[in-house]
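>
Numbering (this note's numbering), first residue to last: 247 to 455.
Written as structure tokens, this is what we have:
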């Protein structure tokens, strides 16, 4: 499977993107800047044009208003709180973030995150906020989600794609899970993830678009 993954667009257009051989497109949240639904609609439409033969999946981010989640649900691309299966690979997701100091539109208490993730068993997890301790350091503090970390350690997805903290982009191994922390598409960053069906050979390429 070849995945094109992006996040934290914050109203940045995709432009004339062209990547060949993509099976699945993943948007890991923050289409917008808490300013409505229209840009999310435009982005999904653009992705459908760029990747007409690919499955599009997405979760909203903490900066996306409730209408964004509703739209993603209506379009059949949301994986917030659910799992879909593509060619035998299960992909599940969680949108929003744990509580921030900024009172953004879609924030969840750790217990809420824990309860949503209870129903998620998947090979690839798409979670907007990173697990606690991974690419989540702000002013010397680790601000990722404890509940996401605990779920990851228990359920052991093969790949966990996350975003949210703009300062970081990278790959880390956490037990059996490969964490792919996306940079911001707002700054032209995205990733291509290539994997075989058994996840024995996973190649992550960060790209400038």
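Just so it is clear, CB atoms sit at the ideal spot from N, CA and C, and this is done for glycine as well. Note that this is a predicted model, so its numbers are computed, not measured.
1. Grouping DSSP H, G and I as helix and E and B as strand, with all else coil, what is residue 314?
2. Closest to residue 378 by CA distance: which of 427, 332, 348, 311 is it?
3. Candidates 425, 416, 415, 413: which alpha carbon is nearest residue 398's?
4. What separation, rounded to the nearest whole angstrom, lies between the Cα atoms of residue 371 and residue 290?
5. Taking Cβ to Cβ, would you say residue 274 is nearer than 8 Å to residue 310?
6. Look at the alpha carbon of residue 280 and the alpha carbon of residue 413, and state the distance between them as a whole number of angstroms.
7. So what does residue 250 bridge to, in DSSP terms?
8. Cβ of residue 355 within 8 Å of Cβ of residue 345?
9. Would you report the Cα separation of residue 296 and residue 343, rounded to the nearest angstrom?
10. Which one or two residues does DSSP pair with residue 326 in a beta bridge?
11. Can you tell me where the alpha helix (DSSP H) holding residue 199 begins and where it ends?
12. Can you name, in chain order, every residue of its own chain whose Cβ lies under 6 Å from the Cβ of residue 313, other than the five neighbours on each side?
13. Using the C-alpha atoms, what's the distance from residue 263 back to residue 455?
14. Could you give the C-beta distance for residue 368 and residue 305, rounded to a whole number, given that I count them as a contact under 8 Å?
15. Rounded to the nearest angstrom, how far is the Cβ of residue 341 from that of residue 307, given a contact under 8 Å?
16. Can you list the alpha helix (DSSP H) stretches of 4 or more residues lying completely in the segment 276-302, in chain order?
17. For residue 443, is the classification buried or exposed, using 16 other Cβ atoms within 10 angstroms of its Cβ as the cut-off for buried?
18. In whole angstroms, give me the CA-to-CA distance for residue 272 and residue 258.
19. Beta-carbon within less than 7 Å of residue 390's beta-carbon, same chain only, minus the 5 sequence neighbours each way: which residues are those?
20. Going by the beta-carbon positions, is the gap between residue 409 and residue 250 smaller than 8 Å?
The short version:
1. On the chain shown, position 68 is the one that residue 314 refers to. DSSP places residue 314 in helix when its eight states are reduced to three.
2. In the chain shown, the residue the question calls residue 378 occupies position 132. Per the Cα distances, 427.
3. The sequence position of residue 398 within the chain shown is 152, counting from 1. Between residue 398 and the set 425, 416, 415, 413, the nearest pair of CA atoms involves 425.
4. Within the chain shown, residue 371 is the residue found at index 125, counting from 1. Within the chain shown, residue 290 is the residue found at index 44, counting from 1. C-alpha separation (whole angstroms): 20 Å.
5. In the chain shown, counting from the first residue as 1, residue 274 sits at position 28. In the chain shown, counting from the first residue as 1, residue 310 sits at position 64. No.
6. Working through the chain shown from its first residue, we reach residue 280 at position 34. Working through the chain shown from its first residue, we reach residue 413 at position 167. So the alpha carbons of these two residues sit roughly 20 Å apart.
7. Translated into the one-based positions of the chain shown, residue 250 becomes position 4. Per DSSP, the beta-bridge partners of residue 250 are 271, 438.
8. Your numbering for residue 355 matches position 109 in the chain shown. Your numbering for residue 345 matches position 99 in the chain shown. Their beta carbons are under 8 Å apart, which means residue 355 touches residue 345 by this criterion.
9. Along the chain shown, read from residue 1 onward, the residue named residue 296 stands at position 50. Along the chain shown, read from residue 1 onward, the residue named residue 343 stands at position 97. When rounded, the distance between both Cα atoms is 28 Å.
10. On the chain shown, position 80 is the one that residue 326 refers to. Listed as beta-bridge partners of residue 326 by DSSP are 339.
11. As shown, the chain starts at 247 and ends at 455. That puts residue 199 outside it, with no answer to give.
12. Against the chain shown, residue 313 aligns to sequence position 67. The residues are 283.
13. Here residue 455 is taken as the residue at index 209 of the chain shown, counted from 1. Here residue 263 is taken as the residue at index 17 of the chain shown, counted from 1. Whole-angstrom Cα-Cα distance: 7 Å.
14. Numbered from 1 along the chain shown, position 122 holds the residue referred to as residue 368. Numbered from 1 along the chain shown, position 59 holds the residue referred to as residue 305. Between residue 368 and residue 305 a beta carbon distance of about 13 Å is seen, past the 8 Å cut, so the two are scored as non-contacting.
15. Locating residue 341 in the chain shown gives position 95, counting from the first residue. Locating residue 307 in the chain shown gives position 61, counting from the first residue. That pair is a contact at about 7 Å.
16. Restricted to the segment 276-302, the alpha helix (DSSP H) segments that are unbroken, complete and at least 4 residues in length are 284-296, listed in chain order.
17. Looking up residue 443 in the chain shown gives position 197. Flag for residue 443 reads exposed.
18. Within the chain shown, the letter at position 26 stands for residue 272. Within the chain shown, the letter at position 12 stands for residue 258. A straight line joining the alpha-carbon of residue 272 with that of residue 258 spans about 16 Å.
19. By 1-based counting over the chain shown, the position of residue 390 is 144. Same-chain partners within the cutoff: 375, 376, 377, 378, 379, 380, 382.
20. Translated into positions along the chain shown, residue 409 becomes position 163. Translated into positions along the chain shown, residue 250 becomes position 4. No, the Cβ-Cβ distance between residue 409 and residue 250 is not below 8 Å.
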